[in-house]
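K.L.:
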Amino acid sequence: MSTPAPPRYPDTNLFITGHTPNSTATFFTKTQPESTPVGDGAHINPLYSNPTSPADITSTTIAAPDLIHGTTGSFFTTYDIPPNYIGPQHRSVTVDHVVVLRGTVVLTLGDGERVELGEGDTVVQRGTMHAWSNESGEWARLVSVMMPAKPVVASGGEKLGAVWPF
């Protein structure tokens, strides 16, 4: 008889700071954004987005990140990968700063090259075809800040756009 998979990590608490009208630092909001299932069991949790760059940090509007259609600013997410999961190859036209917060994951590039990453390992993912997998029996969590980028132009002049199989 197989052992049931462990439960997924709880969704992340998000604290956003700002300023009162007299410029005193304050906690603007505390929330727990709900994650969204993607693929076959993985969960993405879009935490925060700045629609422009540089960011307007005086705004009191909290923009919902749109990972598929992108933004002209940045977005901040967590990505929970279930045990024994093989993710699909995909590409975004972004530069992604990724930290493995919990667990162990495998990053596989479009040509099959792969690397195993553990807690605290980091990746700067620059618009390549790639997939995230979890070959362990425990959940893994990635944290990512993604920023829009110019598309890579292949030697034949083709722009490499986003590929989202989700």
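What the sequence shown shows, in our numbering, is residues 49 to 214, in sequence order.
Using N, Cα and C, we set each Cβ at its ideal position, and we do this for glycine too.
With the cut-off set at 9 Å, would you say R139 and T108 are in Cβ contact?
P.N.:
Position 91 of the sequence shown, counting from 1, holds the residue named residue 139. Position 60 of the sequence shown, counting from 1, holds the residue named residue 108. No, they are not a contact pair.
K.L.:
What three-state label does DSSP hand N61 in the structure shown?
P.N.:
On the sequence shown, position 13 is the one that residue 61 refers to. N61 falls in the coil class under three-state DSSP.
K.L.:
Comparing C-alpha positions only, which one of S122, P131 and P136 sits nearest to P213?
P.N.:
Your numbering for residue 213 matches position 165 in the sequence shown. It is P136.
K.L.:
For a test of the three-state rule: what should DSSP assign to I134, helix, strand or coil?
P.N.:
Mapped onto the sequence shown, residue 134 falls at position 86. In this structure, I134 counts as strand in the three-state DSSP scheme.
K.L.:
Tell me where the beta strand (DSSP E) around E164 begins and ends.
P.N.:
To locate residue 164, count along the sequence shown from 1; it is residue 116. Taken as a continuous stretch (DSSP letters only), the beta strand (DSSP E) holding E164 covers R162 to L165.
K.L.:
Start and end of the beta strand (DSSP E) containing M194?
P.N.:
Within the sequence shown, residue 194 is the residue found at index 146, counting from 1. Counting along the chain, the unbroken beta strand (DSSP E) around M194 starts and ends at A188 to P196.
K.L.:
Taking DSSP's pairing of strands, which residues face R56 in a bridge?
P.N.:
Along the sequence shown, one-based indexing puts residue 56 at 8. None, per the DSSP bridge assignment.
K.L.:
Quick test of your reading: N93 and P130, contact by CB under 8 Å. State the CB separation rounded to the nearest angstrom.
P.N.:
Residue 93 sits at position 45 when you count from the first residue of the sequence shown. Residue 130 sits at position 82 when you count from the first residue of the sequence shown. The pair is not a contact, with the Cβ atoms about 14 Å apart (cut-off 8 Å).
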